[in-house]
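Trainee:
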Amino acid sequence: MVEPVDLLAALAAEDHEELFDLLLEREQLFLDLILIHTVVYHVGAALSRGFLTSLFVRVLLTGQGRMAQKPELSDVARLVRQITAGTYDEMRTEESDPADLKELAKALNDLAAQRDELIRSYNEDLKQSESRLRGIIESTPVGICITDENGYYEYVNPTYNRLYGFEPEELIGLHFSIVVPPEHRDELMRLHAEFMGHRYELRGEWPVVKKNGDTMTIIADAAYIIDVDGRPKKVTFVLDISERKRAEELLRSTVDRLNDEIRHREELEKVKSQVERMIRHDLRNPLNGIMAAAQILMTDEITPEQQELCMIIRESGRKLDTMLSSSMDLIKMEEGTYRLRPDQSDLARVVEEVRREVEPLAANLGVRVVCLVDGRPLTRDVSLPIEGERLYLADAFANLLRNAVEASQRNDQVTVSITTGREYRVEFHNTQPIPPSIRSVFFDRYATSGKKNGTGLGTYVAALITRVHNGEISFTTSDDDGTRVTVVLPTQQPR
């Protein structure tokens, strides 16, 4: 605890650094200043009445001079307290030395001047700090209000008034519940009482009412303070988040709508798949009848022309039956339930077979088809062993080659390039770019653009078959290089 005599000695010695160190150890600056003034007054009065020697005062104030016996600091402190309280009654008989009185008067005047300068400097700093703080509070984009312990407004900044639509000073003296919707007043009154009682920080989102009756959503935070008058206050900070809440609600409704559409589409796809199964099942019965009838007719005595027609009917029926079986398998591939039944095939023969199948279409469109293996022409002596389902590999390649030919212009060339190694890379290249509108959905179902009678299923089916064979499919496209669709297939299927 800093004694008054310490402050007095620091002032007398003009040791400002020591003075401020001592003051910082005290909690109440103004009490120290008043105490110094009182001590100075009583020391002067006691000296003028002859209550203590000037030598003692000089030693007390400046720490200089000599005394018969140097008092202990506790004795000096006790003496100063007695002087301050007016209880010091020690008398002396000799007259005071005028020079000492003059020196003491100067010291007391210096003390008073330093005290006044301290007070002036402190007040100036306090005014500047208050001005800066008020400027920040008045210009901040956050609404700020101060309410007393009962919830009545004592201060609101311009932003708070602007948020709620009130004029300056209009809210002062009113209860904060004026901006609370009736259905929330009891709850917020209870929370206010709990806050003032427990002094915890309060944060939350609340609906509030403006002066004109409009509602908005705010996020509010609060702090508990003790004002200069010693009374508890609540400082509340408010931000308008109505736009954010509207954006969140719009986003939520959009997501819900999209989810509903997805669920609706999924339900439609399920119904569609069920209908497709039923149709395929129902088609098989008459198809089997047609094939059986053609077989019976072939055993009768018919002309060679009729024999050939019966064979065409039978082969067409077999192809249709295969197509029906394939379509059922494709549904399983979509569902992820298809089990691959691989056998040993020759990729070179599959590609050659597909080329022959698409050749009539290419010739009709004036497009040339070239097949390469490691950069050299594909010939019959080339063999490329692969494990897979030959029927579906041929179906995938036929779809990709047919797409490349149909997308080409007359006199263009479509190249099928096979690269061998630990895996096979089969690339279908044509000179035309993919339309930008379908690039992001190129392998999706029904993705088509500009093709007459195009179904948008070719690349979709090719992608399904490739993935069932544990392969990968991708594409690149540009105006300069055209389009390259690449299928990567393992030479052997995992066991």
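Residue 171 in the working numbering is what sits at position 68 of the sequence shown, and the numbering runs on without skipping anything.
Heads up, the beta-carbon is just placed ideally off N, CA and C, and yes, glycines get one too.
(1) With F340 and V245 assumed to form a contact (beta carbons below 8 Å), what rounded beta-carbon distance in angstroms separates them?
(2) Quick one: complete alpha helix (DSSP H) runs, 4+ long, within the region 416-444?
(3) Put G238 into one of helix, strand or coil per three-state DSSP.
(4) Name the residue from V453, E408, H367 and E509 whose alpha carbon lies nearest to the alpha carbon of A497.
(5) Of the choices E252, T586 and L266, whose alpha-carbon is the least far from that of D332?
(6) Just verifying my parser: in three-state terms, what is the DSSP assignment at K337?
(7) Go through its chain and collect everything with a Cβ distance to P597's Cβ below 8 Å, but skip five positions before and after it.
(8) To the nearest angstrom, how far is it from the Cα of T357 to the Cα of M319?
(9) What whole-angstrom Cβ distance do L450 and L487 have, given they're in contact under 8 Å?
(10) Compute the distance between the beta-carbons of S577 and T589, then report whether it is under 9 Å.
(11) DSSP state of R288, grouped into three classes?
(12) Per DSSP, E575 forms a beta bridge with which residues?
(13) With distances taken from CA atoms, which of V470, S280 and V461 is nearest Q535?
(14) What's the gap between the Cα of R513 and the Cα of A396?
(15) Could you say if the region 464-480 and the region 518-530 meet the contact criterion of at least three C-beta pairs nearer than 8 Å?
(16) On the three-state DSSP scale, how would you describe I328?
(17) With distances taken between CB atoms, is the gap from L433 to L592 smaller than 9 Å?
(18) Of all the options D515, C474 and E526, which has the alpha carbon lying nearest to the alpha carbon of A466?
(19) How many angstroms separate the CA atom of K337 from the CA atom of Q217?
(20) Report all residues from its chain with a CB closer than 7 Å to the CB of A501; omit the five preceding and five following residues, and keep chain order.
(21) With DSSP as the reference, label G491 as helix, strand or coil.
(22) Just how far apart, CA to CA, sit K220 and F298?
(23) Taking buried to mean at least 16 other C-beta atoms within 10 Å of its own C-beta, is E175 buried or exposed?
(24) For L291, I'd like the list of residues in its chain whose CB is within less than 6 Å of its CB, leaving aside the five on either flank, ordered along the chain.
(25) Among all the DSSP beta bridges, which residues are the ones paired with D343?
(26) Taking the straight line between their C-alpha atoms, what separation do you get for I329 and F269?
(27) Between the Cα of M394 and those of L412, I405 and E227, spot the shortest distance and give me the residue it belongs to.
Mentor: On the basis of the supplied data:
(1) Position 237 of the sequence shown holds residue 340. Position 142 of the sequence shown holds residue 245. Right, their Cβ atoms sit about 5 Å apart.
(2) none
(3) Within the sequence shown, numbered from 1, the residue matching residue 238 stands at position 135. Correct three-state label for G238: helix.
(4) Along the sequence shown, read from residue 1 onward, the residue named residue 497 stands at position 394. If we check each option's Cα against that of A497, V453 comes out closest.
(5) Residue numbering aside, residue 332 sits at position 229 when the sequence shown is read from its first letter. For the residues E252, T586 and L266, the minimum Cα distance to D332 belongs to E252.
(6) To locate residue 337, count along the sequence shown from 1; it is residue 234. K337: strand per DSSP, three-state reduction.
(7) The count along the sequence shown starts at 1 and reaches residue 597 at position 494. The answer, listed in chain order, is N573.
(8) Stepping through the sequence shown from its first residue, residue 357 is reached at position 254. Stepping through the sequence shown from its first residue, residue 319 is reached at position 216. Rounded to the nearest angstrom, the two C-alpha atoms are 22 Å apart.
(9) For the purposes of this step, residue 450 is taken as the residue at position 347 of the sequence shown. For the purposes of this step, residue 487 is taken as the residue at position 384 of the sequence shown. L450 to L487, Cβ: 4 Å. Contact.
(10) Numbered from 1 along the sequence shown, position 474 holds the residue referred to as residue 577. Numbered from 1 along the sequence shown, position 486 holds the residue referred to as residue 589. Contact: yes.
(11) For the purposes of this step, residue 288 is identified with residue 185 of the sequence shown, where counting begins at 1. In this structure, R288 counts as helix in the three-state DSSP scheme.
(12) One-based indexing of the sequence shown puts residue 575 at position 472. For E575, which the question treats as bridged, DSSP gives the partners V591.
(13) Along the sequence shown, one-based indexing puts residue 535 at 432. Residue V470 is the option with its Cα nearest to Q535.
(14) Sequence index remark: in the sequence shown, residue 513 carries index 410 (1-based). Sequence index remark: in the sequence shown, residue 396 carries index 293 (1-based). Cα-Cα distance, rounded: 44 Å.
(15) yes
(16) Position 225 of the sequence shown, counting from 1, holds the residue named residue 328. In this structure, I328 counts as strand in the three-state DSSP scheme.
(17) Stepping through the sequence shown from its first residue, residue 433 is reached at position 330. Stepping through the sequence shown from its first residue, residue 592 is reached at position 489. Going by C-beta atoms, L433 is not nearer than 9 Å to L592.
(18) In the sequence shown, counting from the first residue as 1, residue 466 sits at position 363. Minimum Cα distance to A466 is reached at D515.
(19) Translated into the one-based positions of the sequence shown, residue 337 becomes position 234. Translated into the one-based positions of the sequence shown, residue 217 becomes position 114. If I take the Cα positions, the gap works out to 39 Å.
(20) The count along the sequence shown starts at 1 and reaches residue 501 at position 398. Closer than 7 Å at Cβ, skipping near neighbours: V457, E460 and V461.
(21) Residue mapping note: residue 491 aligns to position 388 of the sequence shown, counting from 1. Here G491 sits in strand by DSSP.
(22) Here the question's residue 220 lines up with position 117 in the sequence shown. Here the question's residue 298 lines up with position 195 in the sequence shown. Residue identity differs from the one stated: residue 220 is Glu in this sequence, not Lys. Each residue's alpha carbon lies about 42 Å from the other.
(23) On the sequence shown, position 72 is the one that residue 175 refers to. Its pLDDT being 49, under 50, E175 is placed unreliably in this model, and the value from its coordinates should be taken loosely. Classification of E175: exposed, given that the 10 Å Cβ count is below 16.
(24) On the sequence shown, position 188 is the one that residue 291 refers to. Cβ neighbours of L291 beyond the five flanking positions: V283.
(25) Residue numbering aside, residue 343 sits at position 240 when the sequence shown is read from its first letter. Note: D343 sits in a beta bridge opposite I321.
(26) Translated into positions along the sequence shown, residue 329 becomes position 226. Translated into positions along the sequence shown, residue 269 becomes position 166. One C-alpha to the other measures close to 27 Å.
(27) Position 291 of the sequence shown, counting from 1, holds the residue named residue 394. Closest option to M394, Cα to Cα, is L412.
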